[in-house]
Every structure is written in C-alpha cells, then in structure tokens.
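All you need for our numbering is the position in the sequence shown, starting with 1, plus 8. Cβ coordinates follow ideal geometry from the N, Cα and C atoms, glycine included. Below is one structure; the comments refer to it alone.
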Amino acid sequence: MSPQIVGSPRATTAAASKAVAAVTVPAATDGEALSGAAAQPAATATQPQAAAAQPAATAAQPAATAPQPATAALPGLPQALSTRARTLAGAVRRRCTDLARIESPSGDAPRLDALAEELADGFRATGATARREPGPAGDHLVLEWEGQDETLPHLLIVGHHDTVWPAGTLADWPVTEQNGTLTGPGVVDMKGGLAILEGAFALLADLGQRPHRSVQVVVVSDEEVGSPDGRRLVERQLRGAAAVLGLEPPHPDGRLKTARRGSTRVRLTVTGREAHAGNDAHDGVSAVDELVDQLVVVRGLAGQPGTELNAGRISGGSRANVVAGRAEAELGLRFSTAEAQRRTLDNLARLTALRPGARVRTEVLSSRPAWPERSGNPLLRHVRSLAAVLGQQLDGGPAGGAGDTNLPGSRGLPTLDGFGAVGAGAHARHEYIRIDQLAPRIALLAALLAVPLPRLRDRTEG
9 MSPQIVGSPR
19 ATTAAASKAV
29 AAVTVPAATD
39 GEALSGAAAQ
49 PAATATQPQA
59 AAAQPAATAA
69 QPAATAPQPA
79 TAALPGLPQA
89 LSTRARTLAG
99 AVRRRCTDLA
109 RIESPSGDAP
119 RLDALAEELA
129 DGFRATGATA
139 RREPGPAGDH
149 LVLEWEGQDE
159 TLPHLLIVGH
169 HDTVWPAGTL
179 ADWPVTEQNG
189 TLTGPGVVDM
199 KGGLAILEGA
209 FALLADLGQR
219 PHRSVQVVVV
229 SDEEVGSPDG
239 RRLVERQLRG
249 AAAVLGLEPP
259 HPDGRLKTAR
269 RGSTRVRLTV
279 TGREAHAGND
289 AHDGVSAVDE
299 LVDQLVVVRG
309 LAGQPGTELN
319 AGRISGGSRA
329 NVVAGRAEAE
339 LGLRFSTAEA
349 QRRTLDNLAR
359 LTALRPGARV
369 RTEVLSSRPA
379 WPERSGNPLL
389 RHVRSLAAVL
399 GQQLDGGPAG
409 GAGDTNLPGS
419 RGLPTLDGFG
429 AVGAGAHARH
439 EYIRIDQLAP
449 RIALLAALLA
459 VPLPRLRDRT
469 EG
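Okay, here's the thing in structure tokens:
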C-alpha cells in the first residue's frame, strides 16, 4: 500500500504560510446564514477582514437586531484549503488506486474485512477513532472525529466499501491512469469517495485543524445489495445528526444529488411439482412456466406511474426432460414516490399461483424509501456558498439511483449525496474518475467539515 495520506509531502512552507496569513474568511455561526462575504467568489476573499465580516441578518432575527459577530472558519480560507488540496491530490489519486486494487465484492467477507482494516488504518492517521462492526457478509466500519465544539449535534457521513465487481476482475481490467482519468473496478463507486474523505481529513490535520463539530462516518459492506445489515448502523448514527452527507459519486457534471428514487429488491419464488417431461408430464406442475406467467403479471404492475422494473436474475429447473419443480427471479424495482412504492409492494405481496398445484412466494430482500426533492434546501445553499468561496461553481439535482442517503432524506433530515469522485460509468466497464477534479472535491469537503453549519431546519421541526 502507498503511504498514508497524512504522511505525504507537505505544501511548500512559504506558499502555505502566505496562504494562511492572507485573509480570515468569516463563516456563519451555527444557526446563521453564511455571511455575504463568504458567499462571494474566491477572488473577493482577499479583501480586508473588516470589510468582509458583516454577516447577513437571518430569518430568525428582526432586521433591527445587531448581527452576531462572524466566526473565523480557518485562517486563509480559501487559499490554504485550495493550495493544500492541490498538493494532496496526487496522494489521494494513489490512495484511490491502491484501494481499488483490493477487490471487495459484496458478500466476500475476507476481502471486505481486509479492506475495512486498511481503511481504518488510513483514517486513524488523520485523527479518527475507528472500530469494525461485524456483519454477516463482511465487517462494517464506524469512524469518529472529535469536533471543536462537542456540544453540537454531529455531522454524519455515509459510504460503502463493497463493489459490484467479482474477485478476479482486475486480471483483465487493471486500475489504469490514462488521458486524465483513472479507470478500474470500483474507482468511482466508491473507492474514490473514500480516498477523498481521507484526503479532506488529512488536509485539516496538516493545517492543525479539527472539524467544527464531531463527525461520524459509517462505511457499510453491503450497500450494493441494499444494505440489508448495514442499514442498522446508519439508523443508529442518524440519531441526533445535524445533517447527512453521502460519498457516492456526483452527477457526471459534478452536481450533487438532492433526491433519490426508492429502491427495492424482491425475490419471487415458485414451487411446482417435478415429473418426467415425456412419460408423466401431466403429473408435473412446471415452476418455470408459472414463473414466466407471473413475470408477465409483475410487468403489468410495474407499468404503473412512478414504478420501474428490472428482472435482474432468473433461474429454475434442472434438466430439459424434467418438469421444473422450482424457479425464482430476483427483481429490482425503482419508485419515484413513497406511494408508488407502497402500492407496488402491496400488489406483489398478494400474488397467487395461476395454475393448480403451484405455489408463489414474494420476499423483500432489501428496501430503501424514496427521498423526494424538497424546495429551498438550505444545506445545498450552504455548500454552494462554500464552493463559491473556493472558486468553484456547484449545483445539485435529483438522482435515479438509490443509496444509504435515501433513509435520512426520506425522513426530512438535511441530506446531500455526491461528495465522492467526479466521473461516470458506475457498474460498467468504462467506470472512471477525473483526476483534475480530485483537488476541488478535497477542498470542498474539508471546508464543509471545518466551517460551522447554518441552521438547516426550523426550530419547530423535530
């Protein structure tokens, strides 16, 4: 493995010192909006502090109320963060390469556990406490960093270290750098996101900083199969969280993900009766024929508004001269609304056999609720303001896929996903990340960790 990111060469001392001394950029205290100065592009951040430190009045304050004094987020933001992120980008690229070379398919506990320990070592070097949480198909990882203000609710970050790629994929598709991209199994989903997170904490450690509030991270080992066990850890760490961030890749153009469709995996199992297909076919009940007919019915159910179906796997029978006694299909369903999800799953649960002697059983393997788009979105506004300070343009939009951020998003918690590596091709042989976008993502995530959050929910909310 390559050296830990924290141990990589530091930025040139003179350049780093100049960046730190250049300016103190104000940021909002918790419960306030970002100041007008902090929301300006990076070119304006070199104005004297006295001119930049007038915070905007918040909705909770009468106009006549004197504004609260601005809080210095980090000396020299954005220069220090951006400069250090550029220096760290090479180490993060190498870290992503090394993580991708540790194959970690869902369900392969030995490989997943090896990667979990490698990740734990890297994050411990940035100041985290780390523990492995046993799971039936591989250990999960729970990390925590102390914050400057431990009285504040924690920030939760969710990710995963399993991939869809079977062991041995690297033999004919090695991790390769070419034309400004890094390609290989799992680089964008989500070894790149894990490397960027380590880089963001390494950046803060190198600058002698801690996150503004405590940060908890859950890295599950079964996200690609719906987090059937990992969900319990996400549920546990959600309690009392101020906001939730996801390390999935953003949209290919870099936009964050502000909503997700619901997703459910269903196993449809049909039991028939075996018989000799030539001599005693009339005594048999074909599970395969029954399954085919049931899939036609299911396709009709999935044609309802807000529902999409993918028949991902079908198996059944034993021989061509034996009436099949068993058959099954694994279905992937996507839902744009909670109502579509409820209606479709209720209909699937009521499926009955179409031929005498057959039995049909529907089993939900994993399910994620729909996370709807919400108006306003103060968390996105906050992140966009930080991006502007760093000289970046950033926006967000809903995503078609599902992930572990579905759960907090569906419950109305301030949630954003897509803080991982910019790239494309997740689950496909052309999967890649853009190397030139590593530094901006490291700087953005580090700023988000270091700067106080604004108030993200009304005081009347739970």
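Rounding to the nearest angstrom, what Cα-Cα distance links Glu111 and Gly192 in this structure? Counting from 1 along the sequence shown, the entry for residue 111 is found at position 103. Counting from 1 along the sequence shown, the entry for residue 192 is found at position 184. Going from the Cα of Glu111 to the Cα of Gly192 covers about 11 Å.
Counterpart residues of Pro113 in DSSP-defined beta bridges: To locate residue 113, count along the sequence shown from 1; it is residue 105. Bridge partners of Pro113: Thr171.
Could you check how far apart the C-beta atoms of Val172 and His438 are, in whole angstroms? I think they sit under 8 Å. Within the sequence shown, numbered from 1, the residue matching residue 172 stands at position 164. Within the sequence shown, numbered from 1, the residue matching residue 438 stands at position 430. Contact flag wrong, Cβ pair sits at about 14 Å.
Keeping to the same chain, check which residues put their C-beta closer than 7 Å to that of Thr105; ignore five residues upstream and five downstream. Mapped onto the sequence shown, residue 105 falls at position 97. Leaving aside the five residues that flank Thr105 on each side, the residues in its chain whose CB is nearer than 7 Å to its CB run, in chain order, Val183 and Leu190.
Give the C-beta separation of Gly428 and Gly201 to the nearest angstrom, bearing in mind that I take them to be a contact with Cβ-Cβ under 8 Å. For the purposes of this step, residue 428 is taken as the residue at position 420 of the sequence shown. For the purposes of this step, residue 201 is taken as the residue at position 193 of the sequence shown. Indeed they touch by this definition, with Cβ atoms about 3 Å apart.
Return the residue from the list Ala136, Thr277 and Thr134 that minimises the CA-CA distance to Leu359. Numbered from 1 along the sequence shown, position 351 holds the residue referred to as residue 359. That would be Thr277, whose Cα lies nearest to the Cα of Leu359.
Answer yes or no: does any C-beta atom of chain C fall closer than 8 Å to that of Leu211? Given the protein chain composition of this structure (a single chain), no chain C is represented.
Terminal residues of the beta strand (DSSP E) in which Thr137 lies: Here residue 137 corresponds to residue number 129 of the sequence shown, with the count starting at 1. Unbroken beta strand (DSSP E) run through Thr137: Thr137 to Glu141.
Can you tell which of Arg327, Arg363, Pro386 and Gln312 has the C-alpha that lies nearest to the C-alpha of Arg351? Locating residue 351 in the sequence shown gives position 343, counting from the first residue. Out of Arg327, Arg363, Pro386 and Gln312, the CA that lies nearest to the CA of Arg351 is found in Gln312.
Ordered along the chain, which non-local residues of its own chain (more than five positions away) have a Cβ less than 7 Å from that of Val296? What you label residue 296 is simply residue 288 of the sequence shown in a count that begins at 1. Within the same chain, Cβ atoms closer than 7 Å to the Cβ of Val296 are found at Gly324, Gly325, Ala332 and Ala335, the five residues on either side in sequence being excluded.
Buried or exposed: where does Arg463 fall if 16 or more other Cβ atoms within 10 Å of its Cβ makes it buried? For this step, residue 463 is matched to residue 455 along the sequence shown. The residue is buried, with at least 16 neighbouring Cβ atoms inside 10 Å.
Which residues does DSSP pair with Val228 in a beta bridge? Translated into the one-based positions of the sequence shown, residue 228 becomes position 220. The partner list for Val228 (beta bridge, DSSP) reads His168.
How would you write the range of the beta strand (DSSP E) that Glu340 sits in, first residue to last? Here the question's residue 340 lines up with position 332 in the sequence shown. One point to set straight first is that residue 340 is Gly, not Glu, in the sequence displayed. Note, Gly340: beta strand (DSSP E), Arg334 to Phe343.
CB contact flag (Gln401, Pro448, <8 Å): Translated into positions along the sequence shown, residue 401 becomes position 393. Translated into positions along the sequence shown, residue 448 becomes position 440. No, the Cβ-Cβ distance between Gln401 and Pro448 is not below 8 Å.
Please return the same chain residues whose Cβ sits closer than 6 Å to the Cβ of Leu264, not counting the five positions on each side in sequence. In the sequence shown, counting from the first residue as 1, residue 264 sits at position 256. Correct list, in chain order: Pro258, Gly404, Leu424 and Gly426.
Exposed or buried, Thr266, counting other C-beta atoms within 10 Å across all chains shown (16 or more means buried)? As a first step, residue 266 must be located in the sequence shown, where it is residue number 258. Buried is the call here.
Checking 8 Å against the spacing of the C-beta atoms, do Glu231 and Arg273 come in under that value? Taking the first residue of the sequence shown as position 1, residue 231 is located at position 223. Taking the first residue of the sequence shown as position 1, residue 273 is located at position 265. No, they are not a contact pair.
To which residues of the same chain is Leu160 closer than 8 Å at the C-beta, ignoring the five residues directly before and after it? Taking the sequence shown and counting its residues from 1, the one referred to as residue 160 is at position 152. Contacts found: Asp38, His220, Arg221, Ser222 and Ala250.
Beta carbon of Ala136, beta carbon of Trp153: below 8 Å? Within the sequence shown, the letter at position 128 stands for residue 136. Within the sequence shown, the letter at position 145 stands for residue 153. Taking 8 Å as the cut-off, the beta carbon of Ala136 is found closer than this to the beta carbon of Trp153.
Roughly how far, in whole angstroms, is the beta-carbon of Pro377 from the beta-carbon of Asn414, given that I think they are within contact range, below 8 Å? In the sequence shown, the residue the question calls residue 377 occupies position 369. In the sequence shown, the residue the question calls residue 414 occupies position 406. About 6 Å separates the two Cβ atoms, so the contact holds.
Burial state of Glu282, where buried means 16 or more other Cβ atoms lie within 10 Å: For the purposes of this step, residue 282 is taken as residue 274 along the sequence shown, with counting starting at 1. Classification of Glu282: buried, given that the 10 Å Cβ count is 16 or more.
Would you kindly report the start and end of the unbroken beta strand (DSSP E) that includes Leu244? The sequence position of residue 244 within the sequence shown is 236, counting from 1. Checking the sequence, you will find Arg at residue 244 rather than Leu. Per DSSP, Arg244 belongs to no beta strand (DSSP E); it is in the alpha helix (DSSP H), Gly238 to Leu246.
Proximity of Gln224 and His162 at Cβ, strictly below 8 Å: Mapped onto the sequence shown, residue 224 falls at position 216. Mapped onto the sequence shown, residue 162 falls at position 154. It is a contact, given that the beta carbons lie within the stated cut-off.
Could you give the DSSP three-state label for Asp425: helix, strand or coil? Residue 425 sits at position 417 when you count from the first residue of the sequence shown. In the structure shown, Asp425 sits in a strand (DSSP, three-state: E or B).
Whole angstroms is fine: what's the gap from Leu178's alpha carbon to Asp237's? Position 170 of the sequence shown, counted from the first residue, corresponds to residue 178. Position 229 of the sequence shown, counted from the first residue, corresponds to residue 237. Cα to Cα, the separation comes out at about 27 Å.
Span of the alpha helix (DSSP H) holding Leu415? Stepping through the sequence shown from its first residue, residue 415 is reached at position 407. Here the alpha helix (DSSP H) through Leu415 covers Asn414 to Ser418.
On a Cα-Cα basis, can you pick out the residue from Arg419, Leu299 and Ala124 that is closest to Thr370? Stepping through the sequence shown from its first residue, residue 370 is reached at position 362. Among Arg419, Leu299 and Ala124, the Cα nearest to that of Thr370 belongs to Leu299.
Can you tell me whether DSSP reads His290 as helix, strand or coil? Within the sequence shown, numbered from 1, the residue matching residue 290 stands at position 282. Helix, per DSSP.
Beta-carbon spacing of Leu107, Ala210 below 8 Å: For the purposes of this step, residue 107 is identified with residue 99 of the sequence shown, where counting begins at 1. For the purposes of this step, residue 210 is identified with residue 202 of the sequence shown, where counting begins at 1. Not in contact: Leu107 and Ala210 (Cβ atoms no closer than 8 Å).
Within the segment 281-329, note down every full beta strand (DSSP E) run reaching 3 residues or more, in order along the chain. 315-324
May I ask you to report which of helix, strand or coil DSSP gives Gln186? For the purposes of this step, residue 186 is identified with residue 178 of the sequence shown, where counting begins at 1. In the three-state DSSP reduction, Gln186 falls in the strand class (E or B).
For Arg275, does the three-state DSSP call read helix, strand or coil? The count along the sequence shown starts at 1 and reaches residue 275 at position 267. Here Arg275 sits in strand by DSSP.
Are the beta-carbon atoms of Val14 and Ala213 separated by less than 8 Å? Residue 14 sits at position 6 when you count from the first residue of the sequence shown. Residue 213 sits at position 205 when you count from the first residue of the sequence shown. Yes. Within cutoff.
Would Ala88 be called buried (16 or more neighbouring beta carbons within 10 Å of its own) or exposed? If you number the sequence shown from 1, residue 88 lands on position 80. Looking at its Cβ environment, which holds 16 or more other Cβ atoms inside 10 Å, Ala88 is buried.
May I ask you to report which of helix, strand or coil DSSP gives His148? Here the question's residue 148 lines up with position 140 in the sequence shown. His148: strand per DSSP, three-state reduction.
According to DSSP, simplified to helix, strand and coil, what is Glu126? Counting from 1 along the sequence shown, the entry for residue 126 is found at position 118. Helix at Glu126.
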